[in-house]
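S.K.: Residue numbers (our numbering), protein chains in the order written: chain X, -7 to 330; chain R, 31 to 292. Yeah, the Cβ is synthetic: ideal placement off N, Cα and C, and Gly gets one too. Mind having a look at this structure? Questions to follow.
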């Protein structure tokens, strides 16, 4: 694909994302117009705009906008994480959810929430994600190699264990609405998003995302495996662990604000590769934008389809993600990851 | 690029893989690396490429120690093709060959001046007679075509030393001959691990024969491929004839009997 066609795709996706966020903020039980959204945002950014009713303003600024932005940032972060994991582990099924990172991060997050030291939330989620990653890869490693299937099986075990731990901790500290809270952590939800969530997710996506983008060429070098990457001048071990550590950091931050949302990191890289090609300089920016768009749409569906009841967004991503996952497993080219 | 191996030894845990391997290979020569399975051929190639570090001993290229080069600097001089490599994503042939440009890119994002890289990639594809394959997907190529594209990828690295680990594996006879013929035509110093002694005799200037991690014979094909040495290393009985046209040795094996030969 030529550079101009790629830029065309990228701009289209970016504009769709911005419009999508706008529409998502107007969507919901209370009718809000796009003009009121613009007015509310403008007023908060210090521009003189037509005044917006206080109720509408607080719905936009306190509830919907932080939620939509959090969904967008989490989608971008998870899609980037999946793309990086798939490349450095050479495993098309790798993503933070399937390999247990998200569940591990949930355990860390729930621990500090229960202890009431929410300030450490992102750090604890990061520690949980990193622990889960190391555990999954060491279980999957037999005789020095990690096959994709063993990695997924090990991830499954770790995810189950971490999910049970999360539920156990919440029950043990039960106060009131534990079921709802457990569901939000296990299935993932951005319902409780605040501006603090936006800040955490934005910082992680900006900092870690930049680092990942700058490693695009090094990620390309892994296409034919470790020896080949080394012979192309890559410090294989250092690069792999730096990138996997970054993914754990990113996943930790995402889980801290939204629980473990599945399938975004798994399916988006596969879908986007079909458009951008496998080169990471093109894949990574587009996958981030598309991941953001995907989760904004999924979350809008989650809070409107069964209005006034709300689904955790993870249910929507699973409904979309599982069929795609099955298609990936069934695909003829499965010799790639036998 | 002239290659000097000086007293190379390598062990994994307590298992000695290579012991005191020394050799000197002149610039522009094609060297065959022979030996039974597990003799240490692949390990030796990885040491020469600087991917693994020798426990003792040194590898030098025109006097520069490989161990003192950074991975990137080494990758600009040495290209290694491993056995049976396959990509984990769908890549076109051009994508594969462009990977060879990675060590020449700027460190962070990689340069965006893709024109030069593409020109180098295309001339590498032409050098192996695969320019028409540029837009094909890697997975749709035959084994012989894949190997040729891999060599093009290595050539796009613009190395002065090319290392090949059993490049003729799984290829039919005509693809084997075509591939080795192409390696001979490239203007680089080449070292390739081979299983087929007859191919080694036909296409190599000199041979290194490894057995149990030790270098047991070096020299021209005529010097190394004798019935005595082959019998000792491989435990097979054979005759040496002379190729009617090329003049190089041709090894004819005697069928193994149930009593064995060694």
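(1) Measure the C-alpha to C-alpha separation of residue 219 of chain X and residue 38 of chain R and round it to an integer number of angstroms.
(2) Return the residues of the stretch 108 to 132 of chain X that lie within a Cβ-Cβ distance of less than 8 Å from chain R, sorted by chain order.
(3) DSSP three-state call for residue 45 of chain R: helix, strand or coil?
(4) What residue range does the alpha helix (DSSP H) around residue 26 of chain R cover?
(5) For chain X, check one thing: does any of its Cβ atoms lie closer than 8 Å to the Cβ of residue 47 of chain R?
(6) Inspect the beta-carbon positions of residue 253 of chain X and residue 288 of chain X and report whether they are closer than 8 Å.
(7) Along chain X, which residues have their Cβ under 7 Å away from the Cβ of residue 196 of chain R?
(8) Note down, one range per segment and in chain order, each alpha helix (DSSP H) of at least 4 residues found wholly within the stretch 109 to 181 of chain X.
(9) For the pair the stretch 197 to 208 of chain X and the stretch 63 to 83 of chain X, tell me if three or more CB-CB distances fall below 8 Å.
(10) On a Cα-Cα basis, can you pick out the residue from R:107, R:280, R:265 that is closest to residue 272 of chain R?
(11) If residue 250 of chain R and residue 238 of chain R are in contact, beta carbons under 8 Å, what's the gap, nearest whole angstrom?
(12) Run down chain X in chain order and give the residues with a C-beta less than 7 Å from the C-beta of residue 117 of chain R.
(13) Is residue 226 of chain X close to chain R, meaning its C-beta is less than 8 Å from at least one C-beta of that chain?
(14) Can you find a C-beta in chain X that's less than 8 Å from the C-beta of residue 175 of chain R?
(15) Please tell me whether residue 98 of chain X has its Cβ less than 8 Å away from any Cβ of chain R.
(16) Go to residue 282 of chain X, then tell me how far its alpha helix (DSSP H) extends in each direction, as first and last residue.
(17) What do you reckon, are the CB atoms on residue 36 of chain R and residue 88 of chain R nearer than 8 Å?
(18) Note down, in chain order, each residue of its chain lying with its Cβ closer than 7 Å to the Cβ of residue 209 of chain R, except the 5 sequence neighbours on either side.
(19) Can you give me the C-alpha to C-alpha distance between residue 316 of chain X and residue 84 of chain X, rounded to a whole angstrom?
(20) If you draw a straight line from the alpha carbon of residue 143 of chain R to that of residue 32 of chain R, how long is it in whole angstroms?
(21) How would you call residue 176 of chain X, buried or exposed, if buried means at least 16 neighbouring beta carbons within 10 angstroms?
(22) Since residue 54 of chain R sits in a beta bridge, which residues does DSSP pair it with?
(23) Beta-carbon within less than 6 Å of residue 292 of chain R's beta-carbon, same chain only, minus the 5 sequence neighbours each way: which residues are those?
(24) 8 Å is my cut-off, CB to CB: does residue 376 of chain X come that close to chain R?
(25) Measuring alpha carbon to alpha carbon, tell me which residue in X:282, X:30, X:62 is nearest residue 52 of chain X.
(26) Using a threshold of 7 Å, is the CB atom of residue 177 of chain R nearer than that to any non-hydrogen atom of the ligand FAD?
(27) Pull up the CB-CB distance for residue 231 of chain X and residue 210 of chain X, whole angstroms please, since I reckon it's below 8 Å.
(28) Confirm, please, whether the CB-CB distance from residue 303 of chain X to residue 282 of chain X is below 8 Å.
(29) Within the same chain, show all residues whose beta-carbon is closer than 6 Å to that of residue 200 of chain X, passing over the 5 residues directly before and after it, in chain order.
(30) So what does residue 248 of chain R bridge to, in DSSP terms?
(31) Please identify, using Cβ separations under 8 Å, the residues of the stretch 250 to 280 of chain X that lie next to chain R, in order along the chain.
(32) Could you tell me which residues DSSP pairs with residue 269 of chain R in its beta bridges?
(33) So residue 193 of chain R is in the beta strand (DSSP E); what residue range does that whole segment cover?
(34) Name the chain X residues that come within less than 7 Å of residue 121 of chain R, Cβ to Cβ?
(35) Grab me the residues of residue 183 of chain R's own chain with a C-beta within less than 7 Å of its C-beta, minus the 5 sequence neighbours each way, in chain order.
(36) Out of curiosity, what's the CA-to-CA distance linking residue 241 of chain R and residue 56 of chain R?
M.R.: Taking the geometry as given:
(1) 20 Å
(2) none
(3) Three-state result, residue 45 of chain R: strand.
(4) Since the first and last residues shown for chain R are 31 and 292, residue 26 of chain R lies out of range.
(5) no
(6) no
(7) Result: empty, since nearest Cβ-Cβ is about 13 Å, beyond 7 Å.
(8) With a minimum length of 4 residues, the continuous alpha helix (DSSP H) runs that stay inside the stretch 109 to 181 of chain X are 113 to 132, 140 to 164, 170 to 179.
(9) yes
(10) R:280
(11) Between residue 238 of chain R and residue 250 of chain R the Cβ distance is about 12 Å, and since that is not below 8 Å, they are no contact.
(12) 215, 216
(13) Residue 226 of chain X counts as touching chain R.
(14) Not closer than 8 Å to any Cβ of chain X, the Cβ of residue 175 of chain R fails to qualify, so no.
(15) The C-beta of residue 98 of chain X comes no closer than 8 Å to any C-beta of chain R.
(16) 272 to 296
(17) A contact, by the Cβ cut-off of 8 Å.
(18) 174, 177, 178, 197, 198, 201
(19) 13 Å
(20) Only weak support is given to the placement of residue 143 of chain R: the predicted model assigns it a pLDDT of 48, under 50, and the value that follows is read from those uncertain coordinates. Distance between the alpha carbons of residue 143 of chain R and residue 32 of chain R: 32 Å.
(21) buried
(22) R:34
(23) Below a pLDDT of 50, predicted positions are generally treated as unreliable, and residue 292 of chain R, at 46, falls in that range; no measurement from the model is reported.
(24) Summary: the structure shown does not reach residue 376 of chain X, with chain X confined to residues -7 through 330, and so no result is reported for it.
(25) Considering only alpha carbons, the answer is X:30.
(26) The ligand FAD is absent from the structure shown, which contains no ligand whatsoever.
(27) The pair is a contact, with the Cβ atoms about 5 Å apart (cut-off 8 Å).
(28) Their beta carbons are not under 8 Å apart, which means residue 282 of chain X does not touch residue 303 of chain X by this criterion.
(29) 238, 241, 242
(30) R:238
(31) 265, 269, 270, 271, 273
(32) Residue 269 of chain R pairs with R:282.
(33) Boundaries of the beta strand (DSSP E) around residue 193 of chain R: 191 to 195.
(34) 215, 270
(35) 126, 127, 129, 130
(36) 23 Å
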